[in-house]
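Start counting the sequence shown at 270; every next residue gets the next number (our numbering). Don't be surprised by glycine CBs; every beta carbon is placed ideally from N, CA and C. This report refers to the structure that appears directly beneath it.
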Amino acid sequence: MSTVLIANPKGGSGKTTLATNLAGYFASRGRHVTLSDMDRQRSALQWLERRPYKLPLIHGQDGRHSYTNSLSADWTIVDSPAGLRGDKLKQAVKDADLILVPMQPSAFDMGATRDFLQTLQEEKSVRKGQTFVAMVGMRVDNRTRAALALQEFLAQSGFPCVGNLRSAQVYALAAEQGASLFDIRPSQVSRDLQQWAPLLHWLVNASKQK
Ligand SMILES: Nc1ncnc2c1ncn2[C@@H]1O[C@H](COP(=O)(O)OP(=O)(O)O)[C@@H](O)[C@H]1O
Ligand SMILES: [Mg+2]
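This is the structure we're talking about:
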């Protein structure tokens, strides 16, 4: 049983996209998944409400006040709001086994994320190696200057970068339908699925070390 917190105080960095697709992945592998939504905008829970009943089941949880690990869940994926900081951030970090920080390659995003990463580094459970943190590049289009700047930023972040996902319309299309990339015919999204492999590998490995 592992709890994965998806966090970055910058709005629009890709938290809900990462959270819903991860939940979809583990559900597609027959795992018991709880998707906990700390955001009062409820984007992740609304995605779940749109999810067709024929797709693998994901349990929704309102995580605004606290999120408890549902004992029956193999994976609890926690989507968090923009501006997460202070005691709420501390508690969320404490409750997580693994943390993923999605980030887009823009100067605005790097500026907003820098202080957050510093805060994470200083958290006791992170310092003690009890909580693992990794970065994920979102909407990264290789061979652009912005992508290069992001890689440099990530290399200095002190956390491993475990994936870079390109910008693809399929993320928005799937989101509209309550689906994840893993609910779509693989041949239609093969390039994007490939990009998820290192990230999924890291998560599964890191969860075994807990
Ligand atoms: N890899 C991607 N390709 C295309 N669009 C993306 C990608 N990642 C995120 N988006 C889009 O970016 C927007 C913001 O993402 P979202 O996950 O809602 O961010 P957050 O939850 O951090 O506010 C959404 O419209 C989402 O569909
Ligand atoms: Mg969101």
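Task: Beta-carbon gap between S305 and G281 smaller than 8 Å - done: no
- [ ] Mind the definition here: the stretch 440–454 touches the stretch 412–424 only if three or more C-beta pairs lie below 8 Å; say whether that holds.
- [x] No: fewer than three Cβ pairs fall under 8 Å.
- [ ] Name the two residues that bound the continuous beta strand (DSSP E) containing G406.
- [x] 401–407
- [ ] Ignore the nearest five residues each way along the sequence and tell me which others in A288's own chain have a CB closer than 6 Å to its CB.
- [x] I275, A313, I346, D348
Task: For V405 and W344, the rounded distance between their alpha carbons - done: Cα to Cα, W344 sits roughly 19 Å from V405.
Task: S476 versus V439: straight-line alpha-carbon distance, rounded - done: 28 Å
Task: Cβ distance (whole Å) where A365 is taken to contact V273 below 8 Å - done: 7 Å
TODO: With DSSP as the reference, label F367 as helix, strand or coil.
DONE: Strictly speaking, residue 367 in this sequence is Leu, with Phe absent from that position. Of the three classes helix, strand and coil, the one that applies to L367 here is strand, per DSSP.
TODO: Find out if the Cβ-Cβ distance for the pair R408, Q464 is shorter than 8 Å.
DONE: no
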